[in-house]
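Right, one structure below, let's go through it.
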Amino acid sequence: MAEAYIVSAVRTAGGKKNGRLSKTHPADMGGKVIDALIERTGVPAEKVDDVIYGCVSQIGPQTFNVARTSILSSCLPESVPGVTIDRQCGSSQQAIHFAAQAVMSGTQDVIIAGGVESMSQVPIGSPAVAVKEMGTPFDGQVISERYPGENFSQFNGAERMCEKYGVTKPELDQFAYDSHKRGAAATEAGRFKEEIVPITVTLEDGSQEEHVVDEGIRWEADLDAIKSLNPLVEGGYISAANASQITDGASALMIVSEKALKEYGLTPLARIHSMAVVGSDPTMVLEGPIPATEKVLAQAGMTIGDIDLYEVNEAFGSVPLAWMKAIGADYEKLNVNGGAQALGHPLGGTGTKLMGTLIYELKRRGGKYGLLAICEGLGTANATIVEVL
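Residue numbers (this note's numbering): 1318 to 1706.
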């Protein structure tokens, strides 16, 4: 079978809710990372076969196919098509899979896979709120009968992950603290410089500045302060400190065929080794990365011991910790530069964001194999293994 190669990976630095990126239109963010890929690779813009973008809240400024509006906000010509997909928090990871599958099938040679989410302009859950106002819930009669009384809450799911896999409140608090400390250390060491694309933002005083640092990092994170926060429900595990941050941002990768590598003189960063997607119990909501990882490892003929680093999205701290316990993974290889508790979770943009971070860190360490897994609404999940070249 033909191979699919990642030749460049970029992202914006994360912006806090109502922070530095809050007034930047999502299509402009999406266009900015496209431009960076074209500039870095030198691939002629007209040779891009497709743009596949993930976006969860496809409403307001993110409606009308934000992949296409991002194209029209970029250096790409009008002839380049685009499509927006929703696999919830794994949307841009699914974009990677779709792009790789198109390249591996031989039908396309150059694809940009990415994602964008402005959670300041389009608050999380906006489509569901709009549907509720229309008087027709997303879960029809059959789902309601199959899962009586269930609201498919990610918060309930995060609590259930703790209960099922024995994740304790002290473990959660330590993980949240470590996420900020790791994110701060990585930033100070310049480990994100290769992946971050500067975006010019206008500050409150009217001056302009380049946004290049993830805004959510708590530089002086204090473990005792994290421990002191009350859980969201009495007697529960999850607090504001051990959940992902609401974030604005965009990210993208360029995925190409071997033919394109030769034609455009490209040097691959990594190849797509194996891909898997699963469904799991929707009442647990967030458990999918566990069976997805088991499936992708089996497909690859590998064990978790063969993987040098892993990125498991910190939608809530309980997800990576439960995954680690279930899979038998090594804490010291997990989200080594911090995760969404510190760096943010721009929903549809998270998959390609984490993939870029994973690849660049593997290269820095001289590692070979990396694994990315993301939990997704209603119990789905993607898992991807890449081989750094």
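Ideal placement from N, C-alpha and C gives every residue a C-beta, glycine not left out.
* **Cα-Cα separation between Ala-1353 and Leu-1570, rounded to whole angstroms** => 10 Å
* Asked: Since Arg-1718 is in the alpha helix (DSSP H), which residue starts that stretch and which ends it?
  -> This structure gives no information on residue 1718, because the portion of the chain shown stretches from 1318 to 1706.
* Report whether the distance from the Cβ of Lys-1510 to the nearest heavy atom of the ligand GTP is below 7 Å. => Of the ligands one can find in the structure shown there are none, so the ligand GTP has no counterpart to examine.
* Paired residues, beta bridge with Ile-1572 - DSSP -> Ile-1323, Ile-1428
* Asked: Closest by CA to Glu-1532, which one among Gly-1566, Ser-1391, Thr-1358, Leu-1689?
  -> Gly-1566
* **Residue burial classification, Thr-1519 (beta-carbon count within 10 angstroms, cutoff 16)** => exposed
* To do: Tell whether a beta-carbon distance below 8 Å holds between Ser-1437 and Ser-1339.
  => yes
* To do: State the Cα-Cα distance for the pair Ala-1657 and Asn-1630, rounded to the nearest angstrom.
  => 7 Å
* Report the option in Pro-1608, Ile-1543, Phe-1509, Gly-1553 whose CA atom is closest to the CA atom of Arg-1681. => Phe-1509
* Asked: How far does the alpha helix (DSSP H) with His-1414 in it reach, from first residue to last?
  -> 1408–1422
* To do: Quick one: give me the first and last residue of the beta strand (DSSP E) that Tyr-1648 is part of.
  => No beta strand (DSSP E) contains Tyr-1648, which DSSP labels as neither H nor E.
* Asked: According to the neighbour-count rule (16 or more other Cβ atoms, all chains shown, within 10 Å of its Cβ), is Asp-1623 buried or exposed?
  -> exposed
* Asked: Do three or more CB pairs link the stretch 1626–1641 to the stretch 1474–1488 at distances below 8 Å?
  -> yes
* Have a look at Ser-1574, Thr-1701, Gly-1457, Tyr-1648 and flag the residue whose alpha-carbon is nearest the alpha-carbon of Pro-1606. => Thr-1701
* Is the number of C-beta pairs between the stretch 1533–1540 and the stretch 1448–1466 that are closer than 8 Å three or more? -> no
* To do: Return the chain-ordered list of same chain residues with a C-beta closer than 8 Å to the C-beta of Glu-1575, the five sequence neighbours on each side being excluded.
  => Ala-1319, Glu-1320, Tyr-1322
* To do: Between the Cα of Lys-1612 and those of Ala-1690, Leu-1583, Gly-1474, spot the shortest distance and give me the residue it belongs to.
  => Ala-1690
* Do you know offhand how far Gly-1666's Cα is from Thr-1380's? -> 15 Å
* Is Ser-1568 buried or exposed, if buried means 16 or more other CB atoms sit within 10 Å of its CB? -> buried
* Asked: Name the DSSP beta bridge partners of Tyr-1686, please?
  -> Glu-1704
* **Contacts around Lys-1334, its chain only, beta-carbon distance under 7 Å, and the 5 residues preceding and following it disregarded** => Met-1436, Ser-1437, Ile-1563
* What first and last residue would you give for the beta strand (DSSP E) that runs through Gly-1371? -> 1367–1371
* Beta-bridge pairing of His-1662 - partner residues as DSSP gives them -> Ile-1563
* Compute the distance between the beta-carbons of Gly-1655 and Arg-1499, then report whether it is under 8 Å. => yes
* DSSP-derived helix/strand/coil call for His-1497 -> helix
* Asked: Buried or exposed: Val-1373, going by 16 or more other Cβ atoms within 10 Å of its Cβ?
  -> buried
* To which residues does DSSP link Cys-1692 through a beta bridge? -> Ala-1698
* For Glu-1678, count neighbouring Cβ atoms within 10 angstroms of its own Cβ and tell me buried if that reaches 16, exposed if not. => buried
* For Gln-1525, the three-state DSSP class (helix, strand or coil) -> strand
* **Leu-1614 burial status per 10 Å Cβ neighbour count (16 or more: buried)** => buried
* To do: Within 10 angstroms of the Cβ of Ser-1422, are there 16 or more other Cβ atoms? Answer buried if so, exposed if not.
  => exposed
* Asked: Can you tell me whether DSSP reads Asn-1332 as helix, strand or coil?
  -> Note that residue 1332 is Gly in the sequence shown, not Asn. In the structure shown, Gly-1332 sits in a strand (DSSP, three-state: E or B).
* **Ile-1624, DSSP secondary structure in three states** => coil
* What is the rounded straight-line gap between the Cα of Arg-1337 and the Cα of Gln-1616? -> 42 Å
* Cβ of Val-1484 within 8 Å of Cβ of Tyr-1554? -> yes
* Asked: What whole-angstrom Cβ distance do Leu-1675 and Glu-1628 have, given they're in contact under 8 Å?
  -> 5 Å
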